[in-house]
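Enquirer: Before I ask anything, let me first share the structure, which is written out below as C-alpha cells.
Residue numbers (this note's numbering): 10 to 645.
Right, here's the structure in full:
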C-alpha cells in the first residue's frame with residue numbers, strides 16, 4: 010500500500026473538528042478489561058490520522074496506547090486498521106508528502122517524536138510506506154529528537170511557560186514513552202520532565218487551579234479556570250473536587266491511564282501547600298540568547314527546532330533559518346507556512362538579506378515568537394497574582410498571557426490590548442483576538458499583591474497588522490463578585506475575603522452588553538491592580554499592607570493612594586512601598602532597582618540555577634533529586 014493521499018486544503022476543516030476529541034470514550038472500557046462496545050470512534054480516529062490533518066499527532070498518542078496495551082481486546086479488524094494507519098503515517102517534516110500538520114511548536118515536537126519512536130519499536134522490521142524506512146531506523150531517528158527535546162526542557166524550562174492548555178499535550182506523549190519505551194534510561198529521563206511539568210503546575214496553582222501568567226493561553230482558560238485543559242490531570246493528583254467524572258475523550262486520558270509513573274510525594278505536597286509564598290522562575294530563551302546557546306546557527310535539528318519550538322518564524326534573528334527549513338524540507342504547501350512562498354527569493358537568500366528585510370517590514374507575526382519569561386507569582390489563602398515581568402514591552406504579541414489575578418474557581422481578573430488575528434483561514438485565525446494575547450504588549454511588573462502595567466499603543470505599525478485599537482480593557486466579571494463598586498477611574502470587587510482594586514489613568518467605562526468588561530481609552534495609559542484580604546490589621550495593615558478590616562476600609566485605603574503618570578513613568582505610593590516603573594527601563598521599589606532577570610527557580614521549595622546540572626526540590630521531609638546527564642532520579 011502506497012503513501013496516503015492527504016488533505017492539504019485545511020481552510021475547509023472547521024476548528025470544532027480539529028479541536029475535537031483527542032481520545033475515544035471506549036478506551037475506558039478497554040482499561041476495565043472489556044472489548045469496545047462500539048468501534049465507530051476508533052475508526053473515526055484512524056480516518057482522521059490517515060487524512061493527516063492538523064492535530065493528528067494528538068490522536069496517534071491514544072491510538073498507540075490502545076495498540077500497545079489492549080491488542081487482546083481489539084479484534085483482528087481493529088488491529089489491522091491501526092497497523093495500516095501507523096505504518097502509513099508521516100512522522101516528521103523532512104519526510105516526503107504534502108500535508109497541513111503543525112509539527113514544530115514545543116508540544117508537537119515531542120508528540121511526533123514519541124509517536125515515531127513507539128511506532129518504530131512496535132514494528133521494527135516493517136517498512137513504513139511514507140519514507141521507506143524500517144521501523145528500527147525510525148525509532149532511532151525519533152530517539153535523537155526525544156533526547157534533545159528532554160535536554161532543552163531540563164536546561165531552559167518550557168517555552169510555552171505555565172500553559173494550562175499545552176502542558177496537557179506535553180504530558181500525554183511522555184506518559185506513553187514511560188509506559189511502553191523499552192529503553193530504561195529514556196524512561197527515567199521522561200519521568201524527570203514529567204516531574205518538572207507537574208511541579209510547575211503544583212507551584213503555580215491556587216487551590217488546584219493552574220492560573221498563572223502563560224506563554225500560550227486561550228480565552229476560556231483565562232476567564233473560566235474550570236475550563237483549563239490541565240484540570241483533569243490536577244484532579245487526578247490533588248482531588249479538589251472540581252470534576253465529578255473524567256472525560257475519556259480528552260488527551261489527558263493518557264495521564265489517567267499511565268501505569269508506570271510514580272509521582273514524587275514532594276510535588277503532591279507542594280500542590281497542597283496553602284501558605285503565603287512568592288515564586289520566581291525563568292522559562293525559555295530570548296531570541297538574543299540563541300546564538301550563544303547554540304554552536305551552529307545554521308543547524309536545523311538544534312538551532313532551527315529550538316527557534317521553531319518558540320514559533321519564531323519572521324523575526325530578524327530567525328527568518329533566515331525559517332527560509333532554510335522551508336526550502337530544505339519543501340514545506341511550501343503546508344497551510345501554516347504557505348505565506349513564505351512569495352518571500353522565497355533567491356537573491357534574498359544568496360545575499361543574506363532576510364534579517365534586514367524583516368526589520369524593514371516589521372511584521373506583526375514577530376509577536377508569535379514565545380520568548381523567555383521571568384515570572385513572579387504571589388499566593389495567599391485568599392488569592393493568587395501572577396505576572397511575566399517586563400515581557401517585551403511595546404512589541405507585538407500573540408497568545409502570551411502577561412498577568413492574572415485569581416480569586417475563586419469562577420473569578421479571574423486581567424487586562425489585554427485587544428487585537429485581530431493576522432490571518433483569515435481556519436487554521437490560523439484564532440489569535441491574537443479580543444481576549445487572547447495582546448496586540449501590543451504592556452510593560453508589566455509585580456511585587457507581592459500589587460501589579461503595574463503601562464500600555465503605549467502608538468508604536469510603529471507592522472506588516473500584516475490589522476486595525477489597532479486605541480484602548481485596553483480588563484476582564485472584570487461584575488456578576489461573579491459578592492460586592493462591586495465603580496468609581497471614576499477605579500473599580501473595586503470583593504469575593505469572600507479577597508478584595509481587588511483596578512485603577513486606570515482615566516475614567517473606566519462599560520459598554521452595553523459587555524457586563525464583564527472595563528474599558529480604558531487612549532494611546533498611553535496604565536492599569537494598577539492591588540489585592541487585599543480581610544482580617545484584623547496589625548502594624549497598620551500587615552507586612553505588605555494587604556490586610557483590611559472589611560471591603561469599605563479596603564476601598565478607603567486605595568482611594569488614598571498617590572498615583573503619578575507622565576506617559577512613560579508610573580509612580581504608585583502605598584504605606585511602606587513607593588513603586589516607580591519606567592517604560593522599557595527599570596522598576597524601583599523605595600528607590601531600589603528590582604532584579605527581574607531570575608534564575609530558573611527561586612522559591613521556598615528550592616532554587617535552580619539557569620542551565621542546571623542537577624535539580625533538588627524539598628518541602629518538609631519530602632525531596633526530589635534529578636540529574637539528567639547521569640540519569641539519576643530519586644525521591645522520598
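We treat Cβ as the ideally placed atom computed from N, Cα and C, and that holds for glycine.
1) Let me know if residue 424 comes out buried or exposed under the rule of 16 or more other beta-carbons within 10 Å of its beta-carbon.
2) Taking all protein chains shown into account, do 16 or more other C-beta atoms lie within 10 angstroms of the C-beta of residue 356, making it buried, or fewer, making it exposed?
3) Quick one: what does DSSP say residue 488 is sitting in, helix, strand or coil?
4) In angstroms with no decimal places, state the Cα-to-Cα distance between residue 372 and residue 628.
5) Output the residue ranges of the alpha helix (DSSP H) runs that lie fully inside the region 146 to 222 and measure 4 residues or longer, sorted by chain position.
6) Who are residue 317's beta bridge partners in DSSP?
7) Is residue 71 buried or exposed, if buried means 16 or more other CB atoms sit within 10 Å of its CB?
8) Is the region 415 to 433 touching the region 462 to 482 in the sense that three or more CB pairs, one from each, lie closer than 8 angstroms?
9) Answer with yes or no whether the minimum CB distance from residue 429 to chain B is below 8 angstroms.
10) Going by DSSP, which residues form a beta bridge with residue 644?
11) For a quick check, are the C-beta atoms of residue 444 and residue 232 less than 8 angstroms apart?
12) Opposite residue 502 in the DSSP bridges: which residues?
13) Which whole-angstrom value describes the C-beta separation of residue 107 and residue 268, a residue pair presumed to lie in contact below a C-beta threshold of 8 angstroms?
14) Which partner residues of residue 383 appear in the DSSP bridge assignment?
15) Who are the near neighbours of residue 440 in its chain, counting only those whose CB is closer than 8 angstroms to its CB and skipping five residues on each side?
16) Just the C-alpha distance for residue 526 and residue 513, rounded to the nearest angstrom, thanks.
17) Please report how far the alpha carbon of residue 639 lies from the alpha carbon of residue 481, in whole angstroms.
18) Taking the Cβ atom as the reference point for each residue, do residue 416 and residue 507 lie within a distance shorter than 8 angstroms?
19) Using DSSP with H/G/I as helix, E/B as strand and the rest coil, what is residue 622?
20) Is it buried or exposed for residue 261, if we count other Cβ within 10 angstroms and need 16 for buried?
21) For residue 517 and residue 471, what's the separation of their Cα atoms in angstroms?
22) Taking only runs of the beta strand (DSSP E) that begin and end inside the region 323 to 405, which ones reach a length of at least 3 residues, in chain order?
23) Can you tell me whether residue 169 is buried or exposed, with buried defined as 16 or more other CB within 10 angstroms of its CB?
24) Taking just the CA atoms, how far does residue 197 sit from residue 612?
25) At the level of alpha carbons, what is the spacing between residue 288 and residue 190?
26) Exposed or buried, what is residue 618 when buried is set at 16 or more other beta-carbons lying within 10 Å of its beta-carbon?
27) Go through its chain and collect everything with a Cβ distance to residue 483's Cβ below 6 angstroms, but skip five positions before and after it.
28) Reducing DSSP to helix, strand and coil, say where residue 247 ends up.
29) Can you look up residue 131 in the DSSP assignment and give me helix, strand or coil?
30) Look at the alpha carbon of residue 46 and the alpha carbon of residue 126, and state the distance between them as a whole number of angstroms.
31) Measure the CB-CB distance between residue 52 and residue 105 and report whether it falls below 8 angstroms.
32) CB residue 603 to CB residue 583, shorter than 8 angstroms?
Expert: In brief:
1) Residue 424 is buried by the Cβ-count criterion.
2) Taking a 10 Å sphere around the C-beta of residue 356, we find fewer than 16 other C-beta atoms and assign the residue as exposed.
3) If DSSP states are grouped into helix, strand and coil, residue 488 belongs with the helices.
4) Going by C-alpha positions, residue 372 is about 46 angstroms away from residue 628.
5) Fully enclosed alpha helix (DSSP H) runs of 4 or longer: 176 to 189, 193 to 212.
6) Answer is none; residue 317 lacks a bridge partner.
7) That one is buried.
8) Result yes; three or more Cβ-Cβ pairs closer than 8 angstroms.
9) Among the protein chains of the structure shown there is no chain B, as only one such chain exists.
10) Partner(s): 633.
11) The Cβ-Cβ distance between residue 444 and residue 232 falls below 8 angstroms.
12) When beta bridges are read from the DSSP output, residue 502 appears opposite 493, 509.
13) Actually they are not in contact, since the Cβ atoms of residue 107 and residue 268 sit about 38 angstroms apart, beyond 8 angstroms.
14) 291.
15) Spatial neighbours of residue 440 in its own chain (CB-CB distance under 8 angstroms, excluding positions within 5 residues in sequence) are listed in chain order as 227, 407, 408, 430, 446.
16) Approximately 14 angstroms, taken between the alpha carbons.
17) Taking the straight line joining both Cα atoms gives about 49 angstroms.
18) Yes, they are a contact pair.
19) It is coil, neither helix nor strand.
20) By the neighbour-count rule (16 or more Cβ atoms within 10 Å), residue 261 is buried.
21) Residue 471 has its alpha-carbon roughly 28 angstroms from the corresponding atom of residue 517.
22) The qualifying runs are 382 to 388, 393 to 397.
23) By the neighbour-count rule (16 or more Cβ atoms within 10 Å), residue 169 is buried.
24) C-alpha of residue 612 to C-alpha of residue 197: approximately 25 angstroms in a straight line.
25) Straight through space, the alpha carbons of residue 190 and residue 288 are spaced by roughly 34 angstroms.
26) Under this definition residue 618 is an exposed residue.
27) Residues 424, 511, 527 of the same chain have their beta carbon placed closer than 6 angstroms to that of residue 483, with the five preceding and five following residues left out of the count.
28) Note: residue 247 maps to helix in three-state DSSP.
29) Collapsing the DSSP output to three states places residue 131 in a helix.
30) Taking the straight line from one Cα to the other gives about 30 angstroms.
31) No; because the gap between Cβ atoms is not below 8 angstroms, this pair is not in contact.
32) No.
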